[in-house]
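For reference, the structure is listed below as structure tokens.
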Amino acid sequence: MGKALSFNQPKFCPTTAWNSNGMTIADRSIVGQLPTGIFVNTNNTIFVANKENNTIVIWNEESVSPTKIIHGNFTKPNSLFVTSNGDIYIDDGFKNGRVQRWIAETNIFVTVMNVNSSCWGLFVDNNDTLYCSMSEHHQVVKRPLSDYAMNSNHVAAGTGIGGSASNQLDSPRGIFVDVNLDLYVADCQNNRVQLFQSEVSNGITVAGSTSLNPTITLNCPTGIILDTDKYLFIVDSFNHRIVGSSLDGFRCLVGCFGKGLQSNQLQNPFSLSFDHSGNMFVTDYNNYRIQKFLLMKDSVALSLNQPKFCSTAIWNFNGMTIADRSIVGQLPTGIFVNTNNTIFVANKENNTIVIWNEESVSPTKIIHGNFTKPNSLFVTSNGDIYIDDGFKNGRVQRWIAETNIFVTVMNVNSSCWGLFVDNNDTLYCSMSEHHQVVKRPLSDYAMNSNHVAAGTGIGGSASNQLDSPRGIFVDVNLDLYVADCQNNRVQLFQSEVSHGITVAGSRLLYPTISLSCPSGIILDADKYLFIADQNNHRIVRSGLNGFQCLFGCYGMGLQFDQLNIPYGLSFDHSGNLFVTDTSNHRIQKFKYLNRYCVNTFTVFQKTYSSSLTKNNQMYYRDCQTEKFYYESIQVKVIKSGYYTFRGSGSIDPYGSIYKNKFNPLDPWENLLNQEYAHGSDIRFKLDIHLDVDMIYVLVMTTFGSKETGDFWINVLGENEVVLDRLSTPVNIQLKYSSNLTEGSPIYYRDCQVPQCHYETLQIHVNTTGLYVLWSENNINAYGYIYQNDFNPLKPSENLLLSHDGECNDEQFKLIIDLEINTRYILVVTTHDPKIIGNFSVFISGPNNVSLSPFSPEQSSCVIGDQCHFYIKGIGLTLDDILRDELQSNTVLNNQSFSIQISAGITIIMFIAGLINSVLSFITFQHKDSQKVGCGMYLLTSSITSLLTISMLIIKFWFVVLTYINVSTNLSVLRGGCASIEPILKLFLYLDGWLNACVAVERAVLIFKGVKFNKKRKLYMKAFKQSFNRIQKRTPP
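In short: position in the sequence shown from 1, add 963, done, that's the numbering used here.
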């Protein structure tokens, strides 16, 4: 049985972060299409269920390619679980209604649970109880693995009827069982995570909008794991992200930049697992890949966000109120958003620090302390909070996250209207009443060691003076920026320089903007300034073209696009800006619209017009059930840069852009971006960076199914754009109808699926060009195209293209360039074995095309219908007799009665043959018996008979064992059948030849005995009588 803990549950600090850019460690070629199940054990071995190939792929974290691939008789495994002894529990409920256990020690499969549907989540707890999450039945079931009664499933959660009550589930997915046997369920359609305590049927919502204290909104959670401290890590599938809980509530961890294919994006992730270092592995379902997100261990220096924006960055000028006076109190000023998107606000009215995650509806933590009217705060990456407490107590306090205690770290003479800790661990305080900024190293324990960072202590407008300074910012070069309120400017004090430089405001040498009491100042990654222009009630920024107003540009007020005495500001890691709207007693969030990032010097370059008609190609846009007409257009640019594609027309257009090529049978492959903006004058707008010497494909389709009409695409960019139509209209040249019958030949499709009927057809084209072949059938047909020849024993040889009906309503579709004077073979077969029925093949292309029957050269070397060899003679073989009776992955004791009888008879035959051969050898080894030829023949025959019966039993068990163990190496199969069968036939032929020799000799002897000379016989008789008379007369 498995050990108690086979997976990793790391311990993380409260501010743990992961690199937002993931690394693709496995793509579709390794893990197949739409991967869901992943498991990383304590040895950092990665296990993934490949549903496309029905395999389990295994590799070490450090390996580039898989180190082991397990094949078995399971179909579309959605989940798996690995115990500490290496045994793998595999979902096989989709078709076979069971959970299988692959035993590492013996390399065999056994059934350990019978189920009614797929298990979308599997788990083995520390009591060796197996859990299965049956999404279609809205239930989680379990059974003790120590109980050998296979019908002993018990209900762990859910009533079996979909619903949102506390005892119900609706399409549950991933599950997790902790050491207390408490069950956590990702309740997908209820958008929540439920906790079912051991033996309790009513669950508790621990995450989601229906929880007792809502902290985060989920959209179909599919995966759930816990760390050592029982904090939740959730795969929020339809929000395309991973979220986690901590001391400060929930926050987005990775995939926080929207749906997509980029390294910092996910598309319907399904499950996750940690390695022992805390790195995160995610199955990126619709991107067909496994993403690894590295744990960031050295993030102390930067605790705040400094995003990098494009030159045309735009924010929504309508702000969202994320907190009002009931949360942040009256006249809020201090705000901080850390790199985990946790928001900290100083509530001066209640003398508290209010903390919540950007996704949370209400505060997740409120810190009370002996501080009064805190005007500012700063949070370091370890979670410690520096709090202004100068108004009454003349100090700055540090709240230590790990111990939850307060310590004084600086003595001051007044309130700190701005606080900052630089990357040298130096604390800065902006003392407005003293017209000065002071600092002290936190490593210096002498509390009287404050140093002057800026200002003389006397209010003034000279370059070395300040007048009522407010917000401050220190960059990585230790340069200090000060919002010099009463001087209506922003001053830059370079490190260890007492005279400042005016970088914004009317006192600038060449003024670019007028400020009125600036109060807040932050810098982005490019050192552009973002300023809270307090008395002008707005936020302004600098850029390539100087300063501009971002929001609050319509005067003082309470509307969403207005501010009233804004003070502090801070970015989250997506570039959204948070502002303390002081006199409106609220926190406003202004969303960054990165879709508008195009080059400043964009000019109109190209217009492309066309139309979608019923002659256009069709595809399943989202691999769903509706078809859409589409047109694909090749895009080339002669200069790298940002380009904008704007679509409009009489249709409702939907645009997508791909890199290298577009595959209508896999619309997520190579996808860079897609957009549909319903209801706008510009129906879609794609802003994207394109590289020179790279091919892109723009796909134009519609929002609604089967829409037709005209459309236009306007392209804006730095330089010329070349657009050429790729897709060709449907021009049906041939319709071919046939059927697969019991008499159709069979083969091992892909060397994996046995006894698939197939038909082979040679394709004749008159013109080189792009052709499309597709099927209409009800047999779930597969299509393959080969060049030159097709060998059913080697189905991967000469293969050009194949399609299994995926993303095309189970109808195969083959898009391929065909050349004249080249032989192409189309093979039509089925997904499942022994399926027969009608099918039709349609071919569209530039010219006439025809199909003719093709007969592949049949090798005499075949075992049954498998992809391995033996020399087949006349009549039935053991393979022909046994293959329909043998059950793969089933021990002999569980095989059919006929197989067990055959095994018994074979053993009896061997024993009897052995005895017969030994006795024959003993009899005919005497020299007397070898005086005639048949004695020698029979002696030799006793030896060949022994060898023949020995090879027969070897052949029997070779066939039985290789059919039972489907994962037997192909070289073993080929080597065995290429050697055993010829040797067996040789001994049979020798034995037959020796028996024939004995028969011939005996026939000759008999023939000589009945055919004699009568006259000669009479003469001999007379001679004998005369001889006797002479003897009697002779005296003794």
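Beta carbons are placed, not taken as given, at the ideal position from N, Cα and C, and that holds for glycine.
Quick one, are the C-beta atoms of residue i and residue j less than 7 Å apart?
| i | j | result |
| --- | --- | --- |
| P1481 | I1464 | no |
| P1796 | V1716 | yes |
| V1156 | P1135 | no |
| F1514 | I1435 | no |
| S1127 | N1165 | no |
| A1120 | V1142 | no |
| G1662 | K1569 | Contrary to the premise, residue 1662 reads as Val rather than Gly in this sequence. In this structure, K1569 does not lie closer than 7 Å to V1662 by Cβ. |
| T1543 | T1296 | yes |
| D1352 | Q1360 | yes |
| F1753 | P1816 | no |
Leaving out the 5 sequence neighbours to the left and right, which residues in its chain are closer than 6 Å to residue i when beta-carbon positions are compared?
| i | result |
| --- | --- |
| F1354 | T1335, K1336 and S1378 |
| S1807 | V1693, N1694, I1695 and V1735 |
| C976 | none |
| R949 | The chain is shown only over 964 to 1999; residue 949 falls outside these bounds and no answer can be derived. |
| F1873 | I1912 and I1916 |
Assign residue i to buried or exposed, taking buried as 16 or more other Cβ atoms, counted over all protein chains shown, within 10 Å of its Cβ.
| i | result |
| --- | --- |
| M1394 | buried |
| I1788 | buried |
| L1540 | buried |
| A1488 | exposed |
| W1956 | exposed |
| R2040 | What the structure shows of the chain is the stretch from 964 to 1999, and residue 2040 is not part of that stretch, so it cannot be assessed. |
| E1760 | exposed |
DSSP state of residue i, grouped into three classes?
| i | result |
| --- | --- |
| L1507 | coil |
| C1448 | helix |
| G1667 | coil |
| H1794 | coil |
| M1259 | strand |
| I1435 | strand |
| T1853 | coil |
| A980 | strand |
| D1054 | strand |
| Q1696 | strand |
| L1762 | strand |
| I1969 | helix |
| L1882 | helix |
| C1516 | coil |
| A1959 | helix |
| M1914 | helix |
| D1524 | coil |
| A1875 | helix |
| Q1829 | Summary for Q1829: the model assigns pLDDT 42, below 50, so the residue's position carries little reliability, and this model does not support an answer. |
| P1945 | helix |
| L968 | coil |
| L1953 | helix |
| Q1821 | Bear in mind that the predicted position of Q1821 carries a pLDDT of just 48, short of 50, making it too unreliable to give a figure here. |
| W1380 | coil |
Mind checking who residue i pairs with in its DSSP beta bridge?
| i | result |
| --- | --- |
| H1117 | K1105 |
| H1652 | Y1605 |
| V1148 | I1138 and Q1157 |
| H1720 | I1709 |
| L1661 | I1596 and I1620 |
| P1816 | L1724 |
| E1739 | S1803 |
| P1404 | T1389 |
| Q1293 | Note: Q1293 sits in no beta bridge, so no partner. |
| Q1750 | Y1787 |
| F1493 | I1485 and R1504 |
If I measure Cβ to Cβ from residue i and keep anything under 7 Å in the same chain, skipping five residues before and after, which residues do I get?
| i | result |
| --- | --- |
| S1822 | For S1822, the pLDDT reaches just 42, beneath the cut-off of 50, and the residue's location in the model is therefore unreliable, although a value from the coordinates is still provided. Excluding sequence neighbours, S1822 sits near L1756. |
| H1117 | V1104, K1105 and R1106 |
| N982 | F1256, L1257 and M1259 |
Residues in the same chain with beta-carbon distance under 8 Å from residue i, minus the five sequence neighbours each way, listed in chain order, please.
| i | result |
| --- | --- |
| D1438 | Y1444, L1486 and K1490 |
| I1946 | M1914 |
| N1235 | As written in the sequence, residue 1235 is Leu, which differs from the Asn given in the question. Closer than 8 Å at Cβ, skipping near neighbours: I1001, G1186, I1188, F1196, V1198, I1205, M1243, F1244, V1245 and T1246. |
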